[in-house]
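Protein chains: 2
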Amino acid sequence: LESGTFKQVRRMLNGLQPAEIAHLIESSPPPSRRVLWRLVDNEGEVLQELSDEVQAQFLRRMDAAEVAEVTEGLDTDDVADILQQLPDRVIREVLAAMSARDRLRVESVLSYDEETAGGMMNTDTITVRPRLTLDVVLRYLRRHDEIPASTDNLIVVNRKDQFVGLLPLSKLLTSPPTITVREIMVTDIDPIDADLADNEVANLFERNDWVSAPVVDKDGKLLGRITIDDVVDVIREDADHSLMSLAGLDEEEDTFAPVSLATPRRAIWLGINLITAIVAAAVIGTFQETIEKVVALAVLMPIVASMGGVAGNQTLTVVIRGIALGQIGRNNIGWLLSREFWISVINGLLMALAMGIMVALWLNDMNIALIIGAAMIINLLVAALAGTLIPITLKSLSIDPALAGGVVLTTVTDVVGFFAFLGLATYFYS
Amino acid sequence: LESGTFKQVRRMLNGLQPAEIAHLIESSPPPSRRVLWRLVDNEGEVLQELSDEVQAQFLRRMDAAEVAEVTEGLDTDDVADILQQLPDRVIREVLAAMSARDRLRVESVLSYDEETAGGMMNTDTITVRPRLTLDVVLRYLRRHDEIPASTDNLIVVNRKDQFVGLLPLSKLLTSPPTITVREIMVTDIDPIDADLADNEVANLFERNDWVSAPVVDKDGKLLGRITIDDVVDVIREDADHSLMSLAGLDEEEDTFAPVSLATPRRAIWLGINLITAIVAAAVIGTFQETIEKVVALAVLMPIVASMGGVAGNQTLTVVIRGIALGQIGRNNIGWLLSREFWISVINGLLMALAMGIMVALWLNDMNIALIIGAAMIINLLVAALAGTLIPITLKSLSIDPALAGGVVLTTVTDVVGFFAFLGLATYFYS
Chain A
4 LESGTFKQVR
14 RMLNGLQPAE
24 IAHLIESSPP
34 PSRRVLWRLV
44 DNEGEVLQEL
54 SDEVQAQFLR
64 RMDAAEVAEV
74 TEGLDTDDVA
84 DILQQLPDRV
94 IREVLAAMSA
104 RDRLRVESVL
114 SYDEETAGGM
124 MNTDTITVRP
134 RLTLDVVLRY
144 LRRHDEIPAS
154 TDNLIVVNRK
164 DQFVGLLPLS
174 KLLTSPPTIT
184 VREIMVTDID
194 PIDADLADNE
204 VANLFERNDW
214 VSAPVVDKDG
224 KLLGRITIDD
234 VVDVIREDAD
244 HSLMSLAGLD
254 EEEDTFAPVS
264 LATPRRAIWL
274 GINLITAIVA
284 AAVIGTFQET
294 IEKVVALAVL
304 MPIVASMGGV
314 AGNQTLTVVI
324 RGIALGQIGR
334 NNIGWLLSRE
344 FWISVINGLL
354 MALAMGIMVA
364 LWLNDMNIAL
374 IIGAAMIINL
384 LVAALAGTLI
394 PITLKSLSID
404 PALAGGVVLT
414 TVTDVVGFFA
424 FLGLATYFYS
Chain B
4 LESGTFKQVR
14 RMLNGLQPAE
24 IAHLIESSPP
34 PSRRVLWRLV
44 DNEGEVLQEL
54 SDEVQAQFLR
64 RMDAAEVAEV
74 TEGLDTDDVA
84 DILQQLPDRV
94 IREVLAAMSA
104 RDRLRVESVL
114 SYDEETAGGM
124 MNTDTITVRP
134 RLTLDVVLRY
144 LRRHDEIPAS
154 TDNLIVVNRK
164 DQFVGLLPLS
174 KLLTSPPTIT
184 VREIMVTDID
194 PIDADLADNE
204 VANLFERNDW
214 VSAPVVDKDG
224 KLLGRITIDD
234 VVDVIREDAD
244 HSLMSLAGLD
254 EEEDTFAPVS
264 LATPRRAIWL
274 GINLITAIVA
284 AAVIGTFQET
294 IEKVVALAVL
304 MPIVASMGGV
314 AGNQTLTVVI
324 RGIALGQIGR
334 NNIGWLLSRE
344 FWISVINGLL
354 MALAMGIMVA
364 LWLNDMNIAL
374 IIGAAMIINL
384 LVAALAGTLI
394 PITLKSLSID
404 PALAGGVVLT
414 TVTDVVGFFA
424 FLGLATYFYS
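This is the structure in structure tokens:
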């Protein structure tokens, strides 16, 4: 690169929003990433917009002092998120390199799990007392240089710093300046408990259309607030989780992860699937004699297994999403199971008929036509039951249904598909 | 139900947030849904929180006057969303039953596609002129009874109602009352064009951490504004799209859709997969003679096809998500393809070795061990290339890669898997 072009690229790059720069970095293969990263001026802002996995790639090359320098001035929750990518020893070093005030704030967020309200919160709250008049509040605000982003409410606290209510800016602006905070504050909103799981926090925000919400500890003491931009990240990751897990991938998987990172992860998944495929092959193995007699069975058997897999996967996907959205519970499993049963009865008959007719015409053999039709109906029924019950059972065992569900389901539909088809054929031809 | 209990349930239900009632309705099978719906007082608010498919189920039982009554007082964009579920004739009837002011507003939103900024926008903007002093603005606001939800900026417009800039409430509150709007307004933010696609709008909100943003027409005239709560819905639906499409389902699929709705939709998908399974079976059919000679081939062949399917699905999922996030473009396909190639070379060798050793020990047949190892490497390589190129090609043909990608990929990995394994065996044993 010539020095002139280089400067121009640097200027263009730093003219973008930090999130746009982060998107550009995440859309680049690793070699270009390192070049882009060296051109970035505002490293902290860009770093916090990157996904965990890409963050970790850059952090690995920085020492504690650099991390402390780069993260200065970021929101407390973002600093905590970044630090959580580092080994404990380095976290301590980074904290030691911070100013005392920043350190205290970051430590308060770090003491909570990353996937709880405490780990998502920010400490940049503006608080007021209930007995103040709005006029005093307005003058107090004017003494601030700026108000933190996404502030739609001031938080009303008592002398012990406990949450009392919210003073929406919209009410502050539309009410007469002489009345007190107590008279117009909103008290019918429950603050968020610091231990609440992040997806529950997201549900609360979605259902109440919140822009920000206060976070309290067990004694009702105000700890910080959560803003909608961090909630949006949780929603995006949660929604990605099922998609990625069904393929044995992590929802934070970096699209451009290097070969050295991606290969071993995928090998584990392939290894698990090799074992289940061998189980299905072993089922076929027990029917070798029948296949030797009627080789057409070997030609048709993958159709039965594959149709069961596709039907089961439809049910599985609907149920896994229903579980993720919190729609499925003990009181509606029965209805769901019976619906899936009837769908598979109807579609099973339909597909069995279509396949049966084709086989009868193709091979001119009514026996195999009847056998494949019956096996298909059996496998579609089992697929519907398995697609419903496997994720629900895994969930109740606290195993991630999206990660384990697909493997278990395919094993069931393969084994049942081969067993039903070859078993019926063996019975018929022996 | 006794009348007393009935009243109690009704009171409890209506004590919930509209979004919570909507979630309860969506988590119930159709018969309970109808009972719950009859108990709801605040029908419009609940209706707009329901997903399109469930909305449509209730709307089908209402006449135009009822729809007009129920939607009165809702946000313009929510009314438009609800109306879009209805046939054109009914929409005209509902519009005729509205007040002239509401009708004009809803018509302005309805004139845009539901999946554009125009279809997402709300008309409840508060506008100010640049020459006003903040003091005048504050007095103007105090004449309002309330400020619309998620208002973080007032919108500054000129005499022709064209967008000039934003006046953040935070700046209004921290600046001296004597200065003018012009002096502190933010002008470096581009308003959103009404024709922009909804997922692009979501990207803008995510990258800039916006709470609300103004929408303008081609001449820069202010039409309305979009708020973060509607953007969150778009993000959720977009993220669900890939998951559901890969199973041949719609992202708005109702978890408790009745048998009559769910069965025909799934039948189409099963029918498509039946055809691709028959294609794969036809490939096996051409090798019947070889299978007759060595029946162990029939036992092992599903393993080769299945491993190719799993490996290809991992690549496909990563690429489909990368496309959905806008990370994959012409300039990085090459890098991605070569990474997937090397991953599949390494994992292909690993799995081929594992499988080869097992087959050699199990069947005590080195020939089949070598054949299955070679077929597996070939299929994993093809799976990696297909998993990368299929979604990218579909995308460039404007076909949804998430919907069509899985079917095409499985067909490729099945056909190649059977062909490579049985073809090599035929060559070897003939």
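Residue numbers (my numbering), protein chains in the order written: chain A, 4 to 433; chain B, 4 to 433. For glycine and all other residues, C-beta sits at the position ideal for the given N, C-alpha and C. On a predicted model such as this, the values are computed, not experimentally measured, just so you know.
Could you have a look at residue i and say whether DSSP puts it in helix, strand or coil?
i	result
T183/A	strand
L226/B	strand
S153/B	coil
S399/A	helix
V204/B	helix
V218/B	strand
L170/B	strand
N370/B	helix
T258/B	coil
N45/A	coil
V297/A	coil
I381/B	helix
N161/A	coil
I195/A	strand
T119/B	strand
T128/B	coil
Less than 8 Å between the beta carbons of residue i and residue j, yes or no?
i	j	result
T258/A	G325/B	yes
L207/B	G121/B	no
T136/B	E149/A	no
D201/A	A242/B	no
M379/B	V307/B	yes
L50/A	L86/A	no
D193/A	M123/A	no
S215/A	S153/A	yes
A250/A	N382/B	no
R239/A	T183/A	no
If we count the other Cβ atoms within 10 Å of its Cβ and call it buried at 16 or more, is residue i buried or exposed?
i	result
L364/B	exposed
Y430/B	exposed
S31/B	buried
R95/B	exposed
D191/B	exposed
S401/A	exposed
L107/A	exposed
V385/B	buried
Q58/A	buried
G337/A	exposed
Please name the residue, chosen from the options, that lies closest to residue i on a Cα-to-Cα basis.
i	options	result
K434/B	V160/B, K163/B, L141/B	There is no way to answer for residue 434/B, as the model of chain B reaches only from 4 to 433.
L392/B	R145/B, M15/B, I323/B, I375/B	I323/B
M101/A	Y115/A, A68/A, T128/A, T119/A	A68/A
A284/A	P90/A, A205/A, V418/A	V418/A
N276/A	G311/B, A270/B, G122/B, V297/B	G311/B
N335/B	Q58/B, A314/B, I395/B, I287/B	I395/B
S347/A	A327/A, V362/A, L373/A, A314/A	A314/A
N45/A	E29/A, L62/A, E75/A, P33/A	E75/A
W272/B	G409/B, F421/B, T128/B	G409/B
A423/A	P194/A, V286/A, R342/A	V286/A
R210/B	I231/A, V218/A, K224/A, V219/A	I231/A
E48/A	D78/A, R134/A, T318/A, D127/A	D78/A
Among the residues of its own chain, which have a CB less than 8 Å from the CB of residue i, if the five just before and after it don't count?
i	result
L19/B	L27
D91/B	none
M65/B	V73
V109/B	T79, V82, A83, L86, L98, M101
Which residues in the same chain as residue i place their Cβ atom closer than 6 Å to its Cβ, once the five residues preceding and following it in sequence are excluded?
i	result
E255/B	S54, D55, E56
V415/A	A389
M188/A	V159, G168, L170
Spatial neighbours of residue i within its chain, please: CB distance less than 7 Å, with the 5 preceding and 5 following residues excluded, ordered by chain position.
i	result
L366/B	A299
Y432/A	T293, K296, V297
R421/B	As written in the sequence, residue 421/B is Phe, which differs from the Arg given in the question. A283, V286, I287, M304, A308.
A372/A	G359, V362, A363
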